[in-house]
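Q:
Numbering (this note's numbering), first residue to last: 4 to 142.
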């Protein structure tokens, strides 16, 4: 009985060893898309082009609109949508600024251009956009 028990224990100990022999797949390098001129140029474009909606200004609406879009194989921006909005007018302004972007340098996989989904937050901040609208601090 004791030899049978020892044989069973040793056979169970070897099971994890056999299950770890699965071949590993090599990781595929994907180069993400980039905006011409880099992040600095992208932020400058958004800063220069984003139109803060008048009704949002009057209502004091601030926040972040999270957008998503596809950057196609040719670098064109496609299928822009709002993932998380703050107000219909701000959501539309965020979509408009993304849709008017110039072409990106597309993503590539194995040396070929590929489509990728990209997410971008767009911030609506009255204090940054209109410094004169800042609340005055009481002293």
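Note that CB positions come from ideal geometry on N, CA and C, so glycine has one too.
Measuring alpha carbon to alpha carbon, tell me which residue in 103, 113, 67, 121 is nearest residue 48.
A: Looking up residue 48 in the chain shown gives position 45. Minimum Cα distance to residue 48 is reached at 103.
Q: Quick check: is any heavy atom of the ligand ATP less than 7 angstroms from the C-beta of residue 51?
A: No copy of the ligand ATP occurs in the structure displayed, which carries no ligand at all.
Q: How many whole angstroms separate the CB atoms of residue 116 and residue 81, which I take to be in contact at a CB cut-off of 8 angstroms?
A: Within the chain shown, residue 116 is the residue found at index 113, counting from 1. Within the chain shown, residue 81 is the residue found at index 78, counting from 1. At roughly 14 angstroms, the Cβ-Cβ gap does not stay under 8 angstroms, so residue 116 and residue 81 are not in contact.
Q: Can you name the start and end residues of the beta strand (DSSP E) that residue 48 belongs to?
A: Counting from one through the chain shown, the residue named residue 48 turns up at place 45. Element bounds for residue 48: not the beta strand (DSSP E) but the alpha helix (DSSP H), 41-52.
Q: Using only alpha-carbon positions, find the residue among 124, 56, 108, 79 that is nearest to residue 85.
A: By one-based count along the chain shown, residue 85 stands at place 82. Out of 124, 56, 108, 79, 124 has the C-alpha closest to the C-alpha of residue 85.
Q: Under 8 angstroms between the Cβ atoms of residue 53 and residue 110?
A: The residue labelled residue 53 in the question sits at position 50 within the chain shown. The residue labelled residue 110 in the question sits at position 107 within the chain shown. Contact: no.
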